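K.L.:
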Amino acid sequence: MRGLILALQFLTRLPTPQLREFKQEWLADSARWFAAVGLIVGALLLAALSLGRLSDPWLAALLALLMWAWVTGGLHLDGLGDLADALGAAHRSRERFFEVLKDPHVGSFGALALILAIVAKLVLLMLLAKQSAPAWGLLLIPAWCRCFAVYWSASLPALAPGNGERFAWSRHWPSLAVNATLLAGLSAWLAPSLLLAPLAALAWRRFLLRKLGGMTGDCLGAGIELCEIGLLLLLTVRWPTL
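Counting from 1 along the sequence shown, just add 425 to a position and that's the residue number in my numbering.
1. Roughly how many angstroms lie between the CA atoms of V548 and L464, to the nearest whole one?
2. Taking 7 Å as the limit between beta carbons, can you name the residues of its chain near A460, skipping five residues before and five after?
3. Nearest to A583 by alpha carbon, out of A560, A542, F523 and V544?
4. Should the region 510–517 be regarded as contacting the region 486–495, the criterion being three or more beta carbon pairs within less than 8 Å?
5. Is it right to say S518 is buried, meaning 16 or more other beta carbons lie within 10 angstroms of its own, or is it exposed?
6. Here's the rule I'm using: 16 or more other beta-carbon atoms within 10 Å means buried, otherwise exposed. How should V662 be labelled?
7. Quick one, are the C-beta atoms of L611 and L660 less than 8 Å apart?
8. So, helix, strand or coil for M551, using DSSP?
9. Going along the chain, which residues of its own chain have a beta-carbon closer than 6 Å to the beta-carbon of G562, five neighbours each way excluded?
10. Near V531, what residues of its chain come up, given a Cβ to Cβ distance below 6 Å and the 5 sequence neighbours on each side ignored?
11. Is it true that the CB of L508 sits closer than 8 Å to the CB of A613?
12. Can you tell me whether A432 is buried or exposed? The criterion is at least 16 other CB atoms within 10 Å of its CB, across all chains shown.
13. Taking 8 Å as the CB-CB cut-off, is Q443 touching chain C?
14. Could you work out which residue in W577, L429 and L658 is closest to G638 when comparing CA atoms only?
15. What would DSSP say about M492, mapped onto helix, strand or coil?
16. Rounded to the nearest angstrom, how far is the Cβ of R631 from that of L581, given a contact under 8 Å?
17. Give me the Cα-Cα distance between L667 and F435, rounded to the nearest whole angstrom.
18. Closest by CA to A585, which one among T641, L550, L658 and S557?
19. Using a Cβ-Cβ cutoff of less than 6 Å, which residues in the same chain neighbour C652 once the five nearest sequence positions on both sides are dropped?
20. On the DSSP bridge list, what partners appear for A583?
21. Which residue's Cα is closest to the Cα of K527: A472, L488, C644 and A538?
22. Looking only at its own chain, which residues have a Cβ that is under 6 Å from the Cβ of V466, when we skip the five neighbours before and after it?
23. Contact check, A602 vs L656 under 8 Å by CB: the rounded distance?
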């Protein structure tokens, strides 16, 4: 359970038992529990959305969005803002990119990216709440996207020291494969459209490889946010029936 506790402490604000000692390699090994933590986050989101649906779809969306921000502490939004600022201000200069990426202040590019991400989630959650069927797919989205982060950190070179390098997970590919297989099975059962989810992971990996040549912790956080929006869109699209 040590790995699960560390994964919960890193990815969420949820209360956990305190460990009496800590080793750096334990944190890296906790990545095998990221999908499980994602399911816990998804369960809280689904509960908030279901509660709000009893009154109004917009209230449901707001409650789910507030729960999303609280339980994650805005961890991945921070990465999205930082990466947007760095890409917008770098002007094709690698040195300038890392300089802006390390700056703790939010610039205009980052602010715009955060506003658009929050608005997109709010609207998509509202559309999901308006659907008559239970929103079981919301349970799986955070789990899928945290699996993606493990995949990116394992398959891309780290560009700078930090969380991206810390969670390089190449020696745990079998566990990642098991988690992805379980999520695919749950998706086939609860939300078949999410079987397309891995395409989002591949698209973000391709973008990082072509644009930057690797990844940082902020790249992982930004990817989680963007893929969460993409998977919400998958859930709300009305697929034609044959």
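In this text, a Cβ means the ideal position worked out from N, Cα and C, and glycines have one as well. All values derive from a computational prediction rather than experimental measurement.
P.N.:
For this structure:
1. Within the sequence shown, the letter at position 123 stands for residue 548. Within the sequence shown, the letter at position 39 stands for residue 464. One C-alpha to the other measures close to 22 Å.
2. What you label residue 460 is simply residue 35 of the sequence shown in a count that begins at 1. The residues are A568, R571, C572, N604 and L608.
3. The residue you call residue 583 lines up with position 158 of the sequence shown. Out of A560, A542, F523 and V544, F523 has the C-alpha closest to the C-alpha of A583.
4. no
5. Taking the first residue of the sequence shown as position 1, residue 518 is located at position 93. Exposed: under 16 other Cβ atoms inside 10 Å.
6. In the sequence shown, the residue the question calls residue 662 occupies position 237. Per the 10 Å Cβ criterion, exposed.
7. Working through the sequence shown from its first residue, we reach residue 611 at position 186. Working through the sequence shown from its first residue, we reach residue 660 at position 235. No, these two residues do not count as a Cβ contact at 8 Å.
8. For the purposes of this step, residue 551 is taken as residue 126 along the sequence shown, with counting starting at 1. In this structure, M551 counts as helix in the three-state DSSP scheme.
9. Mapped onto the sequence shown, residue 562 falls at position 137. Only A616, L619 and L660 meet the Cβ criterion.
10. In the sequence shown, the residue the question calls residue 531 occupies position 106. Contacts found: G506.
11. Here residue 613 refers to the residue found at position 188 of the sequence shown. Here residue 508 refers to the residue found at position 83 of the sequence shown. Result no, Cβ atoms of A613 and L508 do not sit closer than 8 Å.
12. By 1-based counting over the sequence shown, the position of residue 432 is 7. Answer is buried; the Cβ neighbour count reaches 16.
13. No chain C is part of this structure, which consists of one protein chain only.
14. Translated into positions along the sequence shown, residue 638 becomes position 213. If we check each option's Cα against that of G638, W577 comes out closest.
15. On the sequence shown, residue 492 is found 67 positions in, with the first residue counted as 1. Helix, per DSSP.
16. Along the sequence shown, one-based indexing puts residue 631 at 206. Along the sequence shown, one-based indexing puts residue 581 at 156. Their Cβ separation, rounded to whole angstroms, is 10 Å, which puts R631 and L581 out of contact at 8 Å.
17. Here residue 667 corresponds to residue number 242 of the sequence shown, with the count starting at 1. Here residue 435 corresponds to residue number 10 of the sequence shown, with the count starting at 1. Residue placement at L667 cannot be trusted, given a pLDDT of 41 that sits under 50; the coordinates are not used to answer.
18. Numbered from its first residue, the sequence shown carries residue 585 at position 160. The shortest C-alpha separation from A585 is found at T641.
19. Translated into positions along the sequence shown, residue 652 becomes position 227. Excluding residues within five positions, the ones whose Cβ falls inside 6 Å are C570, F573 and A625.
20. Residue mapping note: residue 583 aligns to position 158 of the sequence shown, counting from 1. Its beta-bridge partners are M640.
21. Walking along the sequence shown from the start, residue 527 turns up at place 102. Among A472, L488, C644 and A538, the Cα nearest to that of K527 belongs to C644.
22. Residue 466 sits at position 41 when you count from the first residue of the sequence shown. Contacts found: V496 and P567.
23. On the sequence shown, position 177 is the one that residue 602 refers to. On the sequence shown, position 231 is the one that residue 656 refers to. Not really, about 20 Å apart at Cβ, beyond 8 Å.
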